[in-house]
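Shown next, in structure tokens, is the structure this report addresses.
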Amino acid sequence: MINNQLLNPGQIVIVGGSNNLHKPGGRMVDNIVKGGYEGKIYIVNPKEDEVQGIRSYHSISECPGADLAILIIPAKNCVQVIRELASDKGTRAFIVISAGFSEEGEEGARIEKEMVDVIRQYDACLIGPNCIGIITTRYSGVFTVPVPRLSEQGCDFVSGSGATAVFIIESALPKGLAFSSVFSVGNSAHIGVEEVLEYWDKTYEAGKSSRIKLMYVEKIRDPDKLLLHASSLIRKGCRIAAIKAGSTEAGIRAASSHTGAMASSDSAVEALFRKAGIVRCFGREELTTVASIFMVKEFPGKRIAIITHAGGPAVMLADALAAGGLQIPAIKGKPYDDLMAMMNPGAAAGNPIDLLATNTTEQLLRVIEYVDKELDFIDGMIVIFGSNGLIDVTETYEMLHHKIQDCRKPILPILPSISSTQKEIESFLSKGRINFPDEVLLGRALTKVYNTPSPADDTIFLEGVDIPRIRRIIEEAPSGFLDPVIIQNLLAAASIPVVAEGIARTKKELIQEARKIGFPLALKVIGPVHKSDVGGVTLNIKSETHLEAEFRRMMKIKEVKAVLLQQMITGMELFIGATYEPHFGHVILCGLGGIFVEVLKDVSSGLAPLTFSEAYSMIRNLKSYKIIQGTRGKEGINEDRLAEILVRLSSLLRFVTEIKEMDLNPLIGNPSSLTVVDSRIRIEK
162 MINNQLLNPG
172 QIVIVGGSNN
182 LHKPGGRMVD
192 NIVKGGYEGK
202 IYIVNPKEDE
212 VQGIRSYHSI
222 SECPGADLAI
232 LIIPAKNCVQ
242 VIRELASDKG
252 TRAFIVISAG
262 FSEEGEEGAR
272 IEKEMVDVIR
282 QYDACLIGPN
292 CIGIITTRYS
302 GVFTVPVPRL
312 SEQGCDFVSG
322 SGATAVFIIE
332 SALPKGLAFS
342 SVFSVGNSAH
352 IGVEEVLEYW
362 DKTYEAGKSS
372 RIKLMYVEKI
382 RDPDKLLLHA
392 SSLIRKGCRI
402 AAIKAGSTEA
412 GIRAASSHTG
422 AMASSDSAVE
432 ALFRKAGIVR
442 CFGREELTTV
452 ASIFMVKEFP
462 GKRIAIITHA
472 GGPAVMLADA
482 LAAGGLQIPA
492 IKGKPYDDLM
502 AMMNPGAAAG
512 NPIDLLATNT
522 TEQLLRVIEY
532 VDKELDFIDG
542 MIVIFGSNGL
552 IDVTETYEML
562 HHKIQDCRKP
572 ILPILPSISS
582 TQKEIESFLS
592 KGRINFPDEV
602 LLGRALTKVY
612 NTPSPADDTI
622 FLEGVDIPRI
632 RRIIEEAPSG
642 FLDPVIIQNL
652 LAAASIPVVA
662 EGIARTKKEL
672 IQEARKIGFP
682 LALKVIGPVH
692 KSDVGGVTLN
702 IKSETHLEAE
712 FRRMMKIKEV
722 KAVLLQQMIT
732 GMELFIGATY
742 EPHFGHVILC
752 GLGGIFVEVL
762 KDVSSGLAPL
772 TFSEAYSMIR
782 NLKSYKIIQG
792 TRGKEGINED
802 RLAEILVRLS
812 SLLRFVTEIK
822 EMDLNPLIGN
832 PSSLTVVDSR
842 IRIEK
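Here the sequence shown is numbered in this note's numbering, starting from 162 and rising by one per residue.
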């Protein structure tokens with residue numbers, strides 16, 4: 162666990178401190194000194210008597226005791242130095258900058274484990290190894306630049322990669338973001354992302370602690386801990402955005418060579434983040450843009466007015482917002498006339514509100530105030546204002562600063578002229594303001610924030626889900642792919658509707674089952690996994706003669722021992738699948754069937770168990786959601802029924818970890834019903 166000695170050390174010893182500012186040991190000393198650290202600094206360097214004006218000790222034994230030790234020495238020497246500092250000097254917090262541990266092979270992993278054993282022996286705390294250090298409002302314990310502007314209400318940031326942390330800070334600075342703390346955890350040998358998140362959660366104080374948490378993650382070691390503390394923080398009023406890198410084969414390989422990261426499927430990560438309420442990002446600029454959105458007044462709804470003096474950026478912004486489900490309501494009637502009267506001839510007020518390049522600061526002010534006070538159908542504003550070459554924007558940006566503070570509705574500023582108005586933007590940011598230099602990045606980030614659900618409840622829906630019966634079915638079943646009858650019983654135990662069906666091995670059984678179910682029928686082989694590939698599916702059989710002919714043909718197919726008869730039902734085809742991911746549990750996928758799954762990959766994911774709100778969110782996040790609702794005269798499906806089946810299935814899976822794969826494909830739906838037609842389940846015991 163993170164301790165006070167790490168965050169608020171009274172003394173820091175830098176083992177490997179240097180006079181050379183081009184080496185990590187030199188830059189570390191320089192950053193701590195220039196960062197205004199008020200405690201005592203000790204240096205250990207056997208080759209120097211003085212380092213950057215600070216006395217240097219030649220050995221650990223000569224050095225006074227310290228709360229925190231920062232090690233910038235060869236990996237092979239770290240264990241002994243930590244042991245000596247912990248046992249003889251009472252040091253209880255360590256940051257190991259050095260590389261050469263588990264990321265480099267078995268010998269490095271052995272040293273790393275031995276180091277952690279010593280840390281645990283003395284109930285100490287270790288950040289790293291293979292990291293750049295940490296930054297708090299107390300000290301700047303990193304060897305990199307730039308060191309960001311620090312503020313108690315800035316962002317808290319944890320990163321599994323030191324270089325990425327630096328680049329994210331670089332991305333944040335032009336936007337005006339400040340930081341409260343930065344943790345670079347490197348190999349996470351003792352303290353990882355989850356432990357930092359746990360510390361933030363357990364020490365959170367409303368009104369005092371930072372509300373913004375950012376994460377760059379290459380390995381999720383404990384998904385349950387991440388889910389617990391992330392969702393807890395968000396319920397307390399925090400907002401969290403994160404990048405999870407290493408989701409493709411190439412990315413996993415790159416991450417593994419970098420920090421020994423463990424692979425996890427992208428669908429599992431997506432489901433975990435959505436369940437926790439984390440806004441998932443895929444790049445540095447996106448992460449810092451989302452963080453910037455978190456720093457400004459929250460939009461109470463999705464109806465936005467775009468105020469601009471440049472048409473092109475407004476069009477691109479409108480496209481980005483609309484693509485993510487936000488609205489740019491048309492302004493008509495009296496409000497349109499009122500706005501037009503405030504602007505020069507040739508301006509437009511339909512939304513976007515385009516004042517043209519010839520506008521004045523006074524005109525922009527009047528438009529902002531009118532939208533704020535008079536337009537009840539607008540929830541917030543985005544103002545685009547760069548250099549038009551005609552006026553000094555200093556006055557305009559000063560006005561924006563005050564309006565952002567005073568207006569009832571939130572205002573997001575896009576000040577894109579970062580070169581020609583650099584000084585004016587720096588003045589704007591110095592007042593604690595945020596700038597969004599790119600309109601499309603802002604539009605996409607804002608829709609991500611809007612579409613990320615709140616943390617899910619941890620309750621499990623069990624109404625109509627017979628867990629004892631489900632467990633008996635699984636315990637009696639053999640490993641491997643389950644027979645259709647077992648699957649039907651299993652789904653029925655969770656009150657999931659399945660199509661009427663029967664199994665036949667003989668002609669007599671075939672006719673009996675057909676008369677029981679009724680025509681038309683579908684006939685499918687039992688045995689081969691891919692039935693269609695071997696000609697093992699025939700649909701819309703309307704007579705016993707046709708049925709018998711297909712039965713004779715199918716029974717000649719290799720490995721076929723029986724056939725499955727099913728009632729033919731029509732409607733829209735859907736897909737629900739599930740896989741078991743180690744550490745994460747069951748990831749559930751849903752979407753339309755056919756081409757939407759196989760070609761377009763239009764699926765959304767959730768982590769079992771699901772709540773109803775999670776199930777609805779999964780459905781509504783599909784690109785094909787409008788088809789599910791019904792479009793162009795075609796009926797949709799019963800969305801409530803689909804959500805219920807997703808929830809019931811997730812409850813079943815929560816109690817059956819033996820299920821490793823599940824494929825319900827297709828389900829056939831219409832406005833009144835939704836039924837599982839074909840299913841495949843594989844268990845491992």
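Note that the Cβ used here is the ideal one computed from N, Cα and C, for glycine as well.
Considering only their Cβ atoms, is the gap separating residue j from residue i smaller than 7 Å?
i: Val-686; j: Lys-692; result: yes
i: Val-440; j: Val-610; result: yes
i: Glu-199; j: Ser-426; result: no
i: Ala-804; j: Tyr-777; result: yes
i: Gly-178; j: Val-194; result: no
i: Gly-186; j: Ile-233; result: yes
i: Thr-557; j: Pro-513; result: no
i: Ile-575; j: Lys-336; result: no
i: Ile-539; j: Val-532; result: yes
i: Ile-489; j: Leu-643; result: no
i: Leu-448; j: Ile-404; result: yes
i: Phe-340; j: Arg-400; result: no
i: Val-695; j: Ile-664; result: no
i: Arg-299; j: Asn-169; result: yes
i: Gly-732; j: Asn-612; result: no
i: Ile-545; j: Pro-474; result: yes
My guess is that residue i and residue j are in contact by the Cβ rule of under 8 Å, so how many angstroms apart are they, rounded?
i: Ala-452; j: Cys-316; result: 6 Å
i: Asn-291; j: Glu-264; result: 6 Å
i: Phe-255; j: Ile-243; result: 6 Å
i: Pro-616; j: Ile-844; result: That belief does not hold up - the Cβ atoms of Pro-616 and Ile-844 are roughly 31 Å apart, past 8 Å.
i: Ala-483; j: Ile-467; result: So it is not a contact: roughly 11 Å between Cβ atoms.
i: Pro-577; j: Val-457; result: Not confirmed; about 17 Å, so no contact.
i: Leu-829; j: Glu-734; result: A small fix is needed here, since residue 829 is Ile in this sequence, not Leu. Right, the Cβ-Cβ distance comes to about 6 Å (below 8 Å), so this counts as a contact.
i: Met-823; j: Ala-739; result: 4 Å
i: Val-835; j: Asn-782; result: The amino acid occupying residue 835 in the given sequence is Leu; Val does not appear at that position. With a Cβ gap of about 19 Å, Leu-835 and Asn-782 do not count as contacting.
i: Ile-329; j: Arg-464; result: Contact flag wrong, Cβ pair sits at about 32 Å.
i: Glu-709; j: Lys-668; result: 7 Å
i: Met-716; j: Cys-751; result: No, Met-716 and Cys-751 are not in contact; Cβ-Cβ is about 35 Å, not under 8 Å.
What do you get for residue i, buried or exposed, if any count of 16 or more other CB atoms within 10 angstroms of its CB means buried?
i: Asn-165; result: exposed
i: Ser-220; result: exposed
i: Gly-171; result: exposed
i: Gln-319; result: Checking the sequence, you will find Val at residue 319 rather than Gln. With 16 or more other Cβ atoms within 10 Å, it is buried.
i: His-563; result: exposed
i: Ile-175; result: buried
i: Ala-416; result: Note on Ala-416: pLDDT 45, under 50, position unreliable in the model; the coordinate value appears next. Classification of Ala-416: buried, given that the 10 Å Cβ count is 16 or more.
i: His-115; result: The chain is shown only over 162 to 846; residue 115 falls outside these bounds and no answer can be derived.
i: Ala-502; result: exposed
i: Ser-523; result: One point to set straight first is that residue 523 is Glu, not Ser, in the sequence displayed. Classification of Glu-523: exposed, given that the 10 Å Cβ count is below 16.
i: Gly-421; result: Low local confidence applies: a pLDDT of 37 at Gly-421 is under 50, so the model's placement there is unreliable, and no value is given.
i: Ser-880; result: Summary: the structure shown does not reach residue 880, with the chain confined to residues 162 through 846, and so no result is reported for it.
i: Gln-649; result: buried
i: Ser-418; result: Its pLDDT being 42, under 50, Ser-418 is placed unreliably by the model, and the measurement read from it follows with that caveat. Flag for Ser-418 reads exposed.
i: Lys-380; result: buried
i: Gly-794; result: exposed
i: Asp-567; result: exposed
i: Ser-765; result: buried
i: Arg-809; result: buried
Closest by CA to residue i, which one among the options?
i: Met-729; options: Ala-661, Val-764, Arg-666; result: Ala-661
i: Asn-826; options: Thr-792, Phe-262, Glu-366, Ile-756; result: Ile-756
i: Ile-647; options: Ile-635, Ser-656, Arg-569; result: Ile-635
i: Glu-705; options: Gln-673, Gly-732, Val-724; result: Gln-673
i: Ser-312; options: Glu-359, Ser-371, Ile-575, Glu-711; result: Ser-371
i: Cys-224; options: Tyr-203, Gly-752, Ile-231; result: Tyr-203
i: Gly-226; options: Asp-599, Asp-249, Asp-385; result: Asp-249
i: Phe-443; options: Met-376, Ser-393, Cys-239; result: Met-376
i: Leu-167; options: Ala-230, Asp-210, Glu-211, Gly-368; result: Ala-230
Any heavy atom of the ligand MN closer than 6 Å to the beta-carbon of residue i?
i: Lys-195; result: As for the ligand MN, it is missing from this structure, which has no ligand bound.
Check whether the stretch 346-357 and the stretch 591-606 are in contact - that is, three or more C-beta pairs closer than 8 Å. They do not touch, by the three-pair rule.
Three Cβ pairs or more, each shorter than 8 Å: is that satisfied between the stretch 743-751 and the stretch 806-816? yes
Meets three-Cβ-pair contact criterion under 8 Å: the stretch 267-279 and the stretch 294-306: no
Assess, as a yes-or-no matter, whether the stretch 338-347 is touched by the stretch 282-302 under the definition of 3 or more beta carbon pairs within less than 8 Å. These segments touch.
Tell me whether the stretch 652-660 and the stretch 626-633 touch, counting them as touching only if at least three CB pairs, one residue from each stretch, are closer than 8 Å. yes
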